[in-house]
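**Q** Quick one: the structure is below, questions incoming.
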Amino acid sequence: MVGDTAAVAESDPELVRRVQAGDREAFTELYGRYAPAAYGLALRVLRQPGLAQDVVHDAFAAIWGAPEIYDPARGAFRSFLLSLVHHRAVDVVRREERLRDRERRVNLEPAPNEDWGEAVFEAADLADRRRDVRRALAELSPEQREVIELAYFQGYTQARIAAERGIPLGTVKTRTLAAMRKLRSLLS
Amino acid sequence: MSWDHDRVEELLAGHVLGALDSEDAELAERALVEHVPGCERCASALHDLRGIAGDLALAAPAVAPSPGLEGRLRATIEGVPTRRRTPWLVGAAAAAVAVAGLSGWNVTLAGRLSEAETRQAWLADAVSAFGHPDAEVLQLEGSSSARINVWFVRGEQRMYLVASNMEHPGEDVYKVWVVDGDTAHGEGSFVPEDGVGMVPVDVSPGDVDLVMVTREAVSDGPTPTASPIASATFAPAG
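Same order as they appear, the protein sequences are chains P and W.
The opening position of the first sequence corresponds to residue 1 in the numbering used here, with each subsequent residue numbered one higher.
The opening position of the second sequence corresponds to residue 1001 in the numbering used here, with each subsequent residue numbered one higher.
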């Protein structure tokens, strides 16, 4: 399934419509299109391949079981899927206290000594977007980037960020909003 | 309650990142239900913030999952080809997504706010259970137009009752009972949102004979006071 994203790709909305009609081939296509991004995200949050694969499995299975949970009017399928994966991954990481002891680096690149699997080929538009996102993140101030990193990729709550960084909760909130507004400006 | 747009956007930013603590999460849920749908500015902000949160995932390197995941997922979707695509599951999954921190995607099904935290935990489990390859569905039979099913995995200690097309009970609640021999045990109650309700039932399917739903005036009564609106008997394993 993975990696076959070249040429004459059907649009996500069309694939989702086919999945809603019970088309397994369309589901396979969506999986191939987004499984690497979903798994990369889950692995980034969880840092354990087994847990990360469970999360990706559950997200795709939920979409197959009830594809109507995605409403195209509310945004892109990719955003919906990755948000589903992210939420589930954060839920798992917060309940897996042993993961609290993992390395807590503020770094958007993978650790060199971790098993991150092999690099994958992605469709050009997805690869372009990935590059844009990284550039936009680089435009944030270090303080803004830190709150985004800790919240999104480490699964910290805002209160925990405030406690661990020794800054007021209100500061965390305002930094988060400022960061998201800047990202919106840069990526829109 | 009057809402300050900047404050709402601040809440929404934390919400889409999944970073809010319980108090702010509850406030965000309220904003999502009471304010955002009718506020063009905040609705637009939510739309954009969701997109940004989705894009943030791309900052992580793409990694090919093992081929085993593909096979496992294929077994999941091929093992249960049609029964899981029933309306109750659509409603259930939508409700799960709505309450489990993604209610910006489906605000109308957001749950009662005082229960948001508790529901968030088990609804996340429910989403996971939907994908279990050994999951079974027991349909409750009754005279009403409601569709009520119990989703379970034999050997597990938790089942999920999922109801859709439910009439709103007014001041009453719907209560779930499991019956073992001659004894009925209350296992939770619910008031449907947009006709949909879910209740976790912390009983192994092998330990009970029957499950039923009644409409009750109080949620904590020790025994049923009304005839079941729907019920079903568990068949033996195998």
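Virtual Cβ for every residue (Gly too), placed ideally from N, Cα, C.
#1: Would you verify that the beta carbon of residue 1137 of chain W is, or is not, closer than 7 Å to some beta carbon of chain P?
#2: Provide the residue span of the alpha helix (DSSP H) that contains residue 11 of chain P, from first to last.
#3: Just grab the DSSP bridge partners of residue 1185 of chain W for me.
#4: What does a CB cutoff of less than 7 Å around residue 168 of chain P pick up in its chain, not counting 5 residues either side in sequence?
#5: Does the stretch 21 to 39 of chain P come close enough to the stretch 1065 to 1078 of chain W that 3 or more CB-CB pairs lie under 8 Å?
#6: Measure the CB-CB distance between residue 1188 of chain W and residue 1165 of chain W and report whether it falls below 7 Å.
#7: According to DSSP, is residue 36 of chain P part of a helix, a strand, or is it coil?
#8: With DSSP collapsed to three states, give me the class of residue 124 of chain P.
#9: Among W/1182, W/1217, W/1205, W/1233, which one has its Cα closest to the Cα of residue 1172 of chain W?
#10: On a Cα-Cα basis, can you pick out the residue from W/1201, W/1197, W/1162, W/1167 that is closest to residue 1178 of chain W?
#11: Is the stretch 59 to 68 of chain P in contact with the stretch 1027 to 1047 of chain W, if contact means three or more CB pairs nearer than 8 Å?
#12: Identify the contact partners of residue 1048 of chain W in chain P, using a Cβ-Cβ distance below 8 Å as the criterion.
#13: By how many angstroms is the C-alpha of residue 1055 of chain W removed from the C-alpha of residue 130 of chain P?
#14: As a quick exercise: from P/182, P/185, P/176, pick the residue whose alpha carbon is nearest that of residue 1020 of chain W.
#15: Cβ closer than 8 Å: which chain C residues qualify as neighbours of residue 148 of chain P?
#16: For the candidate residues P/87, P/137, P/26, P/95, whose alpha-carbon lies nearest to that of residue 183 of chain P?
#17: Tell me which residues share the same chain as residue 143 of chain P and place their Cβ nearer than 8 Å to its Cβ, disregarding the 5 neighbours each side in the sequence.
#18: Kindly give me the distance between the Cβ atoms of residue 43 of chain P and residue 59 of chain P, rounded to whole angstroms, as I take these residues to be in contact under 8 Å.
#19: Ends of the beta strand (DSSP E) at residue 1139 of chain W?
#20: Nearest-angstrom Cα distance between residue 1005 of chain W and residue 132 of chain P?
#21: What in chain W is Cβ-close to residue 122 of chain P, meaning under 8 Å?
#22: From the beta carbon of residue 75 of chain P, is the nearest beta carbon of chain W less than 7 Å away?
#23: Put residue 1003 of chain W into one of helix, strand or coil per three-state DSSP.
#24: Out of P/51, P/13, P/141, which one is the CA nearest neighbour of residue 93 of chain P?
#25: Using the rule of at least 16 other Cβ atoms within 10 Å of the residue's Cβ for burial, across every protein chain shown, is residue 157 of chain P buried or exposed?
#26: Verify the CB distance criterion: does residue 1052 of chain W have a CB-CB separation below 7 Å to chain P?
#27: When you compare only the Cα positions, how much space is there between residue 90 of chain P and residue 1018 of chain W?
#28: Please confirm if residue 1032 of chain W has its CB atom under 7 Å from at least one CB of chain P.
#29: If we define contact as Cβ-Cβ less than 7 Å, is residue 1233 of chain W a contact residue for chain P?
#30: Check the Cβ of residue 1222 of chain W against every Cβ in chain P and list those closer than 8 Å, keeping chain order.
#31: Name, going along the chain, the residues of the stretch 128 to 139 of chain P whose beta-carbon falls closer than 7 Å to a beta-carbon of chain W.
#32: Could you check if residue 1141 of chain W belongs to the surroundings of the ligand FAD, using beta carbon to heavy atom distance under 6 Å?
#33: For a contact meaning CB atoms closer than 7 Å, what does residue 16 of chain P contact in chain W?
#34: Quick one: is residue 1148 of chain W near chain P, going by C-beta distance under 7 Å?
#35: Could you give the residue range of the beta strand (DSSP E) that holds residue 1148 of chain W?
**A** Per the coordinate set shown:
#1: As a first step, residue 1137 of chain W is located in the second sequence; it is residue number 137 there, counting from the start. Closer than 7 Å: no.
#2: Position 11 of the first sequence, counting from 1, holds the residue named residue 11 of chain P. Per DSSP, residue 11 of chain P belongs to no alpha helix (DSSP H) and is neither H nor E.
#3: Against the second sequence, residue 1185 of chain W aligns to sequence position 185. Its beta-bridge partners are W/1178.
#4: Position 168 of the first sequence, counted from the start, is the residue given in the question as residue 168 of chain P. So the list reads 162, once near-sequence residues are dropped.
#5: yes
#6: Residue 1188 of chain W sits at position 188 when you count from the first residue of the second sequence. Residue 1165 of chain W sits at position 165 when you count from the first residue of the second sequence. Result no, Cβ atoms of residue 1188 of chain W and residue 1165 of chain W do not sit closer than 7 Å.
#7: Translated into the one-based positions of the first sequence, residue 36 of chain P becomes position 36. Residue 36 of chain P: helix per DSSP, three-state reduction.
#8: Stepping through the first sequence from its first residue, residue 124 of chain P is reached at position 124. Helix at residue 124 of chain P.
#9: Sequence index remark: in the second sequence, residue 1172 of chain W carries index 172 (1-based). It is W/1217.
#10: Position 178 of the second sequence, counted from the start, is the residue given in the question as residue 1178 of chain W. Checked all of W/1201, W/1197, W/1162, W/1167; the closest Cα to residue 1178 of chain W is W/1201.
#11: no
#12: As a working mapping, residue 1048 of chain W is identified with position 48 in the second sequence. Within chain P, the residues near residue 1048 of chain W are 184, 188.
#13: Position 130 of the first sequence holds residue 130 of chain P. Position 55 of the second sequence holds residue 1055 of chain W. Near 8 Å, if we compare the C-alpha coordinates of residue 1055 of chain W and residue 130 of chain P.
#14: Taking the first residue of the second sequence as position 1, residue 1020 of chain W is located at position 20. Of P/182, P/185, P/176, the residue nearest in Cα terms is P/176.
#15: Structure shown: chain C not included; protein chains present are P and W.
#16: On the first sequence, residue 183 of chain P is found 183 positions in, with the first residue counted as 1. Ranking P/87, P/137, P/26, P/95 by Cα distance to residue 183 of chain P puts P/137 first.
#17: Taking the first sequence and counting its residues from 1, the one referred to as residue 143 of chain P is at position 143. Excluding residues within five positions, the ones whose Cβ falls inside 8 Å are 175.
#18: As a working mapping, residue 43 of chain P is identified with position 43 in the first sequence. As a working mapping, residue 59 of chain P is identified with position 59 in the first sequence. In fact, because the Cβ distance is near 13 Å, the residues do not count as touching under 8 Å.
#19: Within the second sequence, numbered from 1, the residue matching residue 1139 of chain W stands at position 139. Element bounds for residue 1139 of chain W: 1136 to 1142.
#20: Numbered from its first residue, the second sequence carries residue 1005 of chain W at position 5. Numbered from its first residue, the first sequence carries residue 132 of chain P at position 132. About 28 Å.
#21: For the purposes of this step, residue 122 of chain P is taken as residue 122 along the first sequence, with counting starting at 1. Per Cβ cutoff of 8 Å: 1062.
#22: As a first step, residue 75 of chain P is located in the first sequence; it is residue number 75 there, counting from the start. For residue 75 of chain P, the answer is yes, since a Cβ of chain W falls inside 7 Å of its Cβ.
#23: Translated into positions along the second sequence, residue 1003 of chain W becomes position 3. In this structure, residue 1003 of chain W counts as coil in the three-state DSSP scheme.
#24: Numbered from its first residue, the first sequence carries residue 93 of chain P at position 93. With distances taken between Cα atoms, residue 93 of chain P lies closest to P/51.
#25: Walking along the first sequence from the start, residue 157 of chain P turns up at place 157. Burial call: buried.
#26: Sequence index remark: in the second sequence, residue 1052 of chain W carries index 52 (1-based). Chain P, which has a Cβ nearer than 7 Å to the Cβ of residue 1052 of chain W, makes this yes.
#27: Counting from 1 along the first sequence, the entry for residue 90 of chain P is found at position 90. Counting from 1 along the second sequence, the entry for residue 1018 of chain W is found at position 18. Straight-line Cα distance between these residues: approximately 8 Å.
#28: For the purposes of this step, residue 1032 of chain W is identified with residue 32 of the second sequence, where counting begins at 1. Taking Cβ atoms only, chain P never reaches closer than 7 Å to residue 1032 of chain W, which makes this a no.
#29: Residue mapping note: residue 1233 of chain W aligns to position 233 of the second sequence, counting from 1. For residue 1233 of chain W, the answer is no, since every Cβ of chain P falls outside 7 Å of its Cβ.
#30: The residue labelled residue 1222 of chain W in the question sits at position 222 within the second sequence. Within 8 Å Cβ-Cβ: nothing; residue 1222 of chain W doesn't reach chain P, min ~33 Å.
#31: 129, 130, 133, 134, 137
#32: This structure simply doesn't include the ligand FAD, nor any ligand for that matter.
#33: Here residue 16 of chain P corresponds to residue number 16 of the first sequence, with the count starting at 1. The premise fails here: residue 16 of chain P is roughly 14 Å from chain W at the closest Cβ pair, so nothing lies under 7 Å.
#34: The residue you call residue 1148 of chain W lines up with position 148 of the second sequence. Closer than 7 Å: no.
#35: Locating residue 1148 of chain W in the second sequence gives position 148, where the first residue counts as 1. Element bounds for residue 1148 of chain W: 1147 to 1152.
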